[in-house]
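Here the structure comes first, spelled out in structure tokens, and everything after it is commentary.
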Amino acid sequence: MTHPTIHPTADFSLRRVGAMVLRYWYLLRGSWPRILELAYWPTMQMILWGYINQFMASSSGWVAQGAGVLVSAVLLWDVLFRGQLGVSVSFLEEMWSRNLGHLFVSPLRPTEWITSLMVMSLLRTLIGVLPAALLAIPFFGYSVFGLGFPLIAFFINLIVMGWSLGLLIVALILRYGMGAEGLAWIVVFMLAPVSAVYYPVTVLPGWLQSIAWGLPSSHVFEGMRGLLYGGALRWDHLAWATGLNALYMVLSVGVFLYGFHRARVRGALLQTGE
Numbered sequence: 003m004t005h006p007t008i009h010p011t012a013d014f015s016l017r018r019v020g021a022m023v024l025r026y027w028y029l030l031r032g033s034w035p036r037i038l039e040l041a042y043w044p045t046m047q048m049i050l051w052g053y054i055n056q057f058m059a060s061s062s063g064w065v066a067q068g069a070g071v072l073v074s075a076v077l078l079w080d081v082l083f084r085g086q087l088g089v090s091v092s093f094l095e096e097m098w099s100r101n102l103g104h105l106f107v108s109p110l111r112p113t114e115w116i117t118s119l120m121v122m123s124l125l126r127t128l129i130g131v132l133p134a135a136l137l138a139i140p141f142f143g144y145s146v147f148g149l150g151f152p153l154i155a156f157f158i159n160l161i162v163m164g165w166s167l168g169l170l171i172v173a174l175i176l177r178y179g180m181g182a183e184g185l186a187w188i189v190v191f192m193l194a195p196v197s198a199v200y201y202p203v204t205v206l207p208g209w210l211q212s213i214a215w216g217l218p219s220s221h222v223f224e225g226m227r228g229l230l231y232g233g234a235l236r237w238d239h240l241a242w243a244t245g246l247n248a249l250y251m252v253l254s255v256g257v258f259l260y261g262f263h264r265a266r267v268r269g270a271l272l273q274t275g276e
């Protein structure tokens, strides 16, 4: 028995095409994180590099005055990024494998799970950042370890901020499902322009400076530049970063536990996954 061969262009239906487009449009329209992601990268690149260009144009000798300032900024920024991603991705791996429900039919408590996510985030961050920091020595003749004890303080503050962001993202995914998965890769970069990674907070407009000073990351990077240019640790910035991190960690753990409780009540722990 022979089967009829269907030519790919035979009986082409614009109605079916329209139906599929409508299906995908409904998926996009129903997920605000997906819509946000479409405009996110072009806008963020424009803002971030626009401020870098504006600052460099008025301070041409800035890099020369502080040896390794850009290398230090890049490495410390990666600590924040990987700290957040370490929490989010470890959680997403459970979602992708539909293993979340299995975890919580065991005696595992949410606080124990949070702790394990943070430990894995620390390990992922060290694995990612340490080789880059060591390679900077032969490639650029600069060692970030020359910052001494303040480097430890900067590292701790940035990775704790990353954990707070990661827990908030996990709570959002528990609330909105896998449609919010893209937040794991974009939320931290939303803070890059106001974190003063590559330029001082004073470059920002006044209304953005107020937001910047409310972020631990801004105080860390201002403290880093103060150390490289002035040779002394700015304890005021370190104190602000530590205090803000303590506040945000308490809030993020609370939001996560509430989101987890609501997801358990709705049965979302068993239903969410790929």
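Per the numbering used here, the sequence shown starts with residue 3, numbered consecutively.
Think of the CB as a built atom: it goes at the ideal place given N, C-alpha and C, for glycine as much as any other residue.
Extent of the continuous alpha helix (DSSP H) run through residue i
| i | result |
| --- | --- |
| Met122 | 112 to 142 |
| Gly103 | 102 to 105 |
| Val76 | 71 to 98 |
| Pro152 | 151 to 178 |
| Gly227 | In the sequence as presented, Gly is not what sits at residue 227; that position holds Arg. First-last of the alpha helix (DSSP H) with Arg227: 218 to 232. |
| Ser282 | Here the chain comprises residues numbered 3 to 276, so residue 282 is not present and cannot be evaluated. |
| Ala182 | From DSSP, Ala182 is part of no alpha helix (DSSP H); its letter is neither H nor E. |
| Phe262 | 237 to 268 |
Alpha-carbon spacing of residue i relative to residue j, whole angstroms
| i | j | result |
| --- | --- | --- |
| Ala234 | Pro109 | 49 Å |
| Asp80 | Arg17 | 48 Å |
| Pro10 | Val189 | At Pro10 the pLDDT is 47, less than 50, meaning the model places this residue with poor confidence and gives no usable figure here. |
| Leu185 | Met192 | 10 Å |
| Trp98 | Arg236 | 43 Å |
| Gly269 | Trp187 | 26 Å |
| Met120 | Arg31 | 33 Å |
| Pro112 | Gly103 | 12 Å |
| Leu229 | Gly150 | 10 Å |
| Glu281 | Leu217 | Shown here, the chain extends from 3 to 276; a query on residue 281 therefore has no answer. |
| Tyr260 | Ser254 | 10 Å |
| Gly130 | Leu137 | 12 Å |
| His239 | Ala214 | 12 Å |
| Tyr201 | Gly232 | 16 Å |
| Thr204 | Gln211 | 7 Å |
| Pro133 | Tyr28 | 44 Å |
| Asn101 | Phe141 | 43 Å |
| Glu96 | Arg126 | 16 Å |
| Trp209 | Glu183 | 30 Å |
| Leu282 | Ala75 | Only positions 3 to 276 of the chain appear in this structure, which leaves residue 282 out of reach. |
| Ile8 | Gly181 | Any reading at Ile8 is ruled out, since the residue's pLDDT is 46, under 50, leaving its predicted position unreliable. |
| His221 | Leu128 | 22 Å |
| Ser118 | Ala194 | 27 Å |
Proximity to residue i [Cα-Cα], best of the options
| i | options | result |
| --- | --- | --- |
| Ala243 | Gly256, Gly261, Leu229, Phe223 | Phe223 |
| Gly143 | Val121, Val257, Leu72 | Leu72 |
| Ala241 | Ser219, Gln211, Arg31 | Ser219 |
| Ser166 | Arg31, Arg264, Gly85 | Gly85 |
| Leu77 | Ile139, Leu210, Leu24, Ile116 | Ile139 |
| Ile171 | Pro202, Gly256, Leu24 | Gly256 |
| Arg264 | His104, Ala155, Gly179, Gly164 | Gly179 |
| Val164 | Val203, Leu124, Ser212 | Note on identity: in this sequence residue 164 is Gly, with Val being the wrong assignment. Comparing Cα-Cα distances from Gly164 to each of Val203, Leu124, Ser212, the minimum goes to Leu124. |
| Phe262 | Trp27, Ser74, Ile116 | Ile116 |
| Met122 | Ala75, Leu94, Phe141, Pro133 | Leu94 |
Beta-carbon proximity of residue i to residue j, cut-off 9 Å
| i | j | result |
| --- | --- | --- |
| Leu206 | Val196 | yes |
| Phe106 | Arg266 | yes |
| Pro152 | Met226 | yes |
| Phe258 | Leu169 | yes |
| Ala135 | Ser145 | yes |
- Is there contact here, the stretch 71 to 90 with the stretch 169 to 180, by at least three beta-carbon pairs under 8 Å? Contact between the stretch 71 to 90 and the stretch 169 to 180 is present, because at least three Cβ pairs lie under 8 Å.
Three or more C-beta pairs below 8 Å linking the stretch 245 to 256 and the stretch 151 to 165
Three or more beta-carbon pairs drawn from the stretch 245 to 256 and the stretch 151 to 165 are found closer than 8 Å, and the two stretches are therefore classed as touching.
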